[in-house]
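Colleague:
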Amino acid sequence: MHRNNRLKNRVTLIFVALLLVGCTSYTPRSQIIPTEELASYNPKNFANKEARLTGTDINEDSLIMKAIFYEQKNDFKKSNYYYKKLYDKTGKDEYLLKELKTALYSGITSDNISKLKEYVINHPKNLVAKRLLLSSYLYEKKYEEAKEVSVLLLAESTNAVDFELSANPYIFTKDYPKAVELLTKAYNKTYNEDILLKITTILVNYMRNISKATSLLENHRKSHNCSEKICLQLISIYFQQNNISKMIPLYKALYESTKKEQYAEKVVESYRYLKDYSKAIEFLKNDYKNPELLYSLYIEEKAFNKADKLSRKLILETNDPKWYAESAMILYESAPNKNDKVMLAEVVKRFEIAIEKGIENTVYLNYYGYLLIDKDIDIKKGINIVKKALKEQPDNSYYLDSLAWGYYKLGDCKKALYTMQKVVKIEGLKEKEIREHWNAIREKCKE
């Protein structure tokens, strides 16, 4: 591979490097080197040599110390430089293996791959060398050669890491059934969820075998619990199938295990989508305390008495002016007679408290302003409140509609028609209330 292509293969390098022996999926060790060889690489052992060091030995030991120093700092490029010098100088096999490993980790194309191939032939029992050679071929995109090495590797090893590594050339050549076969062998030895996620990703995205992927994930969930990654992959599949009812227990499990509010909110959102408000409310009462969300569900279910009771409770707990406005809206919306003067007086009283306490939300301002206009309570005041909302959202068609209706009620035909034309231009005449206001204003302006 030409050296100018290194950057293009950075992703491949990382993917391959993580699959080498010592991969964090299996063991925290970052070294490829076998345990029995570690002593010879430990700088502390150099001072314990009984034999008198020659000049050549001192030079070699100095290079070893530098190579190890940079390797431990994860500066694999510099480490590779010294291991290459060591191998060129001594021809020792251990330096060959370390040079190949650090070359892979640093994205360098090694000049010693052919030497490694010879080493593998002469040392068929050395699994580390085979893993390195297989990974080197993957990095070089020599997938057929990598497959040949995988056969040699699996002839000597039944380790999960080797099945996983051997699956890679088949993934890259789109032989997905073979890749899944090898990954499944790795998974069955470890029940490692990262391997399972690779299997199910291939099954869903490349083999279109969604049922098998779902079955594998569900079996893992039941036998080994549902981690965040496993649950989210299952949710992704069920979402694509629009199987919302299957998503709910998964979101519940995620919320229970992580306590992340986003998952609890997804439970409620899913129940809402299914219009199963009673279960959503039950979940909010028993499992996830979110009074604002519970309040919104009461409104959706038109359980106004419960919503009013909750809003009054929240007024006492928070003194937030929003809840005075909400309680006013509930009182009006739940009233059987929308023209009841006693009820309207109480609605105005609650809104006035919200105004005094500094309510600024334009939704509440428009609602109150329109109420004052439509019920002929105080049209001019209503217009001023709506104008306050329009300062924040000057092109809001609903606020403009309220303003136009206020001008209409005052008999200011010119302003009413001009403002209502803006509304119709934005919204059209599909909504009943807009259509009624438009017709009433046009009729009056003809007089």
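Going by our numbering, the first residue of the sequence shown is number 162, and it counts up by one from there.
Every residue, glycine too, gets a C-beta built ideally from N, C-alpha and C.
Just so you know, these numbers come straight off a predicted model, no measurement behind them.
(1) Here's a check: name, in chain order, each residue in its chain whose Cβ is nearer than 6 angstroms to the Cβ of residue 514, leaving out the five neighbours to either side.
(2) In or out: residue 623 buried (at least 16 other Cβ within 10 Å) or exposed?
(3) Hey, could you find the ends of the alpha helix (DSSP H) residue 688 is sitting in?
(4) In whole angstroms, give me the CA-to-CA distance for residue 269 and residue 238.
(5) Going along the chain, which residues of its own chain have a beta-carbon closer than 7 angstroms to the beta-carbon of residue 473, five neighbours each way excluded?
(6) Tell me where the alpha helix (DSSP H) around residue 360 begins and ends.
(7) My output table needs one value for residue 251: the three-state DSSP class, helix, strand or coil.
(8) Between residue 339 and the rest of its own chain, which residues show a CB-CB distance below 7 angstroms, the 5 nearest in sequence each way excluded?
(9) Reducing DSSP to helix, strand and coil, say where residue 236 ends up.
(10) What residues in its chain sit with their C-beta under 6 angstroms from that of residue 553, if we drop five residues either side in the sequence?
(11) In three-state terms, what does DSSP make of residue 538?
(12) Whole angstroms are fine: how far does the CA of residue 537 sit from the CA of residue 506?
(13) Looking only at its chain, what residues have a beta carbon closer than 7 angstroms to the beta carbon of residue 361, apart from the 5 residues adjacent to it on each side?
(14) Report the residue ranges of all beta strand (DSSP E) runs contained in full by the segment 500 to 562; include only those spanning at least 3 residues, in chain order.
(15) Count the C-beta pairs between the segment 476 to 483 and the segment 441 to 451 that are closer than 8 angstroms, then say yes if the count reaches three, no if not.
(16) How many angstroms separate the CA atom of residue 265 from the CA atom of residue 278?
(17) So for residue 394, helix, strand or coil by DSSP?
(18) Quick one: using the 10 Å Cβ neighbour count with 16 as the cut-off for buried, is residue 647 buried or exposed?
(19) According to DSSP, is residue 572 helix, strand or coil?
(20) For residue 499 and residue 491, what's the separation of their Cα atoms in angstroms?
(21) So, is residue 567 buried or exposed, given that buried needs 16 or more other C-beta atoms within 10 angstroms?
(22) Chain B beta carbons: is any one of them nearer than 8 angstroms to that of residue 244?
(23) Buried or exposed: where does residue 214 fall if 16 or more other Cβ atoms within 10 Å of its Cβ makes it buried?
(24) Please report the straight-line C-alpha distance between residue 606 and residue 574, rounded to a whole angstrom.
(25) From residue 404 to residue 561, what distance separates their C-alpha atoms?
(26) How long is the line joining the alpha carbons of residue 208 and residue 284, rounded to whole angstroms?
(27) On the criterion of 16 or more Cβ atoms from any shown chain inside 10 Å, does residue 425 qualify as buried, or is it exposed?
(28) Quick one, are the C-beta atoms of residue 580 and residue 565 less than 8 angstroms apart?
(29) With a cut-off of 8 angstroms on the beta carbons, I'd call residue 261 and residue 293 a contact; round off their distance for me.
(30) Taking residue 438 as the reference, which of 337, 459, 387, 419 has the closest Cα?
(31) According to DSSP, is residue 468 helix, strand or coil?
(32) Excluding sequence positions up to five away, which residues of its chain have a Cβ less than 7 angstroms from the Cβ of residue 205?
(33) Tell me where the alpha helix (DSSP H) around residue 455 begins and ends.
(34) Out of 476, 225, 496, state which residue places its alpha-carbon closest to the alpha-carbon of residue 465.
Modeller: On the basis of the supplied data:
(1) Within the same chain, residue 514 has close Cβ partners 485.
(2) What the structure shows of the chain is the stretch from 162 to 608, and residue 623 is not part of that stretch, so it cannot be assessed.
(3) The requested residue 688 does not occur in the structure, where the chain is confined to residues 162 to 608.
(4) For residue 269 and residue 238, the distance between alpha carbons rounds to 8 angstroms.
(5) Setting aside the 5 residues that flank it on each side, residue 473 is surrounded in the same chain by 488, each with a C-beta closer than 7 angstroms to its C-beta; the list follows chain order.
(6) That run of the alpha helix (DSSP H) goes 354 to 366.
(7) Here residue 251 sits in helix by DSSP.
(8) Only residues of its own chain outside the window of five on either side were considered, and among them 331 have a CB closer than 7 angstroms to the CB of residue 339, listed in chain order.
(9) Of the three classes helix, strand and coil, the one that applies to residue 236 here is coil, per DSSP.
(10) Excluding five sequence positions before and after residue 553, the CB atoms of its chain that fall closer than 6 angstroms to its own CB belong to 523, given in chain order.
(11) Correct three-state label for residue 538: coil.
(12) Residue 506 and residue 537: Cα-Cα distance of roughly 12 angstroms.
(13) Only 374, 377, 378, 394 meet the Cβ criterion.
(14) Uninterrupted beta strand (DSSP E) stretches at least 3 residues long and entirely within the segment 500 to 562 do not occur.
(15) Counting Cβ pairs under 8 angstroms, fewer than three are found: no touch.
(16) In a straight line, the C-alpha of residue 265 is about 15 angstroms away from that of residue 278.
(17) In the three-state reduction of the DSSP assignment, residue 394 falls in the helix class.
(18) Outside the displayed span of the chain (162 to 608) sits residue 647, for which this structure offers no information.
(19) Per DSSP, reduced to three states, the secondary structure at residue 572 is coil, with no helix or strand assignment.
(20) The alpha-carbon atoms of residue 499 and residue 491 are separated by roughly 12 angstroms.
(21) Classification of residue 567: buried, given that the 10 Å Cβ count is 16 or more.
(22) Note that chain B does not occur in the displayed structure, where there is just one protein chain.
(23) Because residue 214 carries a pLDDT of 38, less than 50, the predicted location of this residue cannot be relied on, and the following value inherits that uncertainty. With fewer than 16 Cβ atoms within 10 Å of its Cβ, residue 214 is classed as exposed.
(24) Straight-line Cα distance between these residues: approximately 6 angstroms.
(25) For residue 404 and residue 561, the gap between their C-alpha atoms comes out near 41 angstroms.
(26) With a pLDDT of 35 at residue 208, under the threshold of 50, the predicted position of this residue should be treated as unreliable, though the coordinate-derived value follows. Cα to Cα, residue 208 sits roughly 31 angstroms from residue 284.
(27) So residue 425 counts as buried.
(28) In contact: residue 580 and residue 565 (Cβ atoms closer than 8 angstroms).
(29) Right, the Cβ-Cβ distance comes to about 5 angstroms (below 8 angstroms), so this counts as a contact.
(30) Distance check between residue 438 and each of 337, 459, 387, 419 places 459 closest, using alpha-carbon atoms only.
(31) In this structure, residue 468 counts as helix in the three-state DSSP scheme.
(32) In this prediction, residue 205 scores a pLDDT of 34, lower than 50, which makes its location untrustworthy; the coordinate-derived value is nonetheless stated afterwards. Excluding residues within five positions, none has a Cβ falling inside 7 angstroms.
(33) Note, residue 455: alpha helix (DSSP H), 452 to 461.
(34) Per the Cα distances, 496.
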